[in-house]
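Peer 1: Each residue of the sequence shown is one higher than the one before, counting from 2 in the working numbering.
By construction, the Cβ of each residue, glycine as well, lies at the ideal position given by its N, Cα and C atoms.
Given the structure is predicted, the values throughout are model-derived calculations rather than measurements.
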Amino acid sequence: MVSAGVPIIVRREQPSDAAAVAAVHRAAFATADAPDPAEPGLVDALRADAGWVPALSLVAVARTDGGDEVVGHVCLTRGDLAGRGVLGLGPIGVTPAHQGRGAGSALMYAALGACEALGEPVVVLLGDVAYYRRFGFDAAHRVGIAAPDPAWGEHFQARTFATWRPGMAGTYRYAAPFAALG
2 MVSAGVPIIV RREQPSDAAA VAAVHRAAFA TADAPDPAEP GLVDALRADA GWVPALSLVA
62 VARTDGGDEV VGHVCLTRGD LAGRGVLGLG PIGVTPAHQG RGAGSALMYA ALGACEALGE
122 PVVVLLGDVA YYRRFGFDAA HRVGIAAPDP AWGEHFQART FATWRPGMAG TYRYAAPFAA
182 LG
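#1: Which residues does DSSP pair with Leu77 in a beta bridge?
#2: Jot down the residue ranges of each uninterrupted alpha helix (DSSP H) in the stretch 125-149, minimum 4 residues, whole runs only, in chain order.
#3: Residues in its own chain within less than 7 Å of Pro178 by CB, not counting five upstream and five downstream?
#4: In three-state terms, what does DSSP make of Pro36?
#5: Just to confirm my understanding: we take Pro97, look at its own chain, exclude 5 residues before and 5 after, and list those with CB closer than 8 Å. What are they?
#6: Of all the CB atoms in chain D, is at least one closer than 9 Å to the CB of Val124?
#7: Which word fits Ser17, buried or exposed, when buried means at least 16 other C-beta atoms lie within 10 angstroms of its C-beta?
#8: Between the beta-carbon of Val75 and the beta-carbon of Asp69, is there less than 9 Å?
#9: Do Ala83 and Ala141 have their beta-carbon atoms positioned less than 9 Å apart in this structure?
#10: Please state if the CB of Glu117 and the CB of Phe157 are separated by a distance shorter than 9 Å.
#11: Is Pro41 near the ligand FAD, going by C-beta to nearest heavy atom under 8 Å?
#12: So, under 8 Å CB-CB, Val54 and Leu77 are touching, yes? Tell me the CB distance rounded to an integer number of Å.
#13: Residue range of the beta strand (DSSP E) that Ser58 falls in?
#14: Which value, in whole angstroms, describes the spacing of the CA atoms of Leu126 and Gln15?
#15: Taking the DSSP output, what are the residues bridged to Phe157?
So, in structure tokens, the structure goes:
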């Protein structure tokens with residue numbers, strides 16, 4: 002993968018990446034009205050949660066002559082779907098300089114490929130319908146998964162894999178740190 006003319010690799014997050022991951026999410030989600038976004042703290046809280054899946058916390062790294070730079074991050078954590086541990090994706094963030102250049106897509110494809118390889122039945126997320134459709138997501142209610150908040154409508158999406166069975170349906174509950182977001 003190449004982003005902004007720089008090769009990108011996706012690898013598992015290492016403990017030494019924590020500060021860089023926080024910086025990625027801060028850069029990706031900060032706005033003039035909210036210069037201190039919730040995502041860096043959310044990732045920290047997720048790391049301490051029972052739903053954390055270390056193998057599914059991935060970073061996109063730009064390889065340059067000056068060294069490696071973490072430019073993106075995605076994580077998946079276990080939530081609950083009718084008593085079954087099912088993965089929720091997010092947050093996913095890419096630094097502004099690398100947005101729209103393939104780093105986010107590389108993270109998504111790597112994460113979803115890992116989920117399939119691990120035999121996961123489904124991944125859910127809350128996000129832009131048009132963006133996530135290209136990764137195989139569709140409205141979660143179409144496979145019988147209800148959002149924690151019905152107001153999310155079509156934005157609450159699911160991507161099923163080979164081990165998915167319709168009887169796995171129900172209402173999804175994200176890992177506990179998501180509830181603190183309000």
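Peer 2: Let me spell this out:
#1: Leu90
#2: 130-134
#3: Leu43, Ala46, Leu47 and Asp50
#4: coil
#5: Ala28 and Ala29
#6: Reference to chain D is not applicable here, since this structure consists of a single protein chain.
#7: exposed
#8: no
#9: no
#10: no
#11: Only the bare structure without any ligand can be found here, which leaves the ligand FAD out of the picture.
#12: 6 Å
#13: Trp53 to Thr65
#14: 24 Å
#15: Leu127
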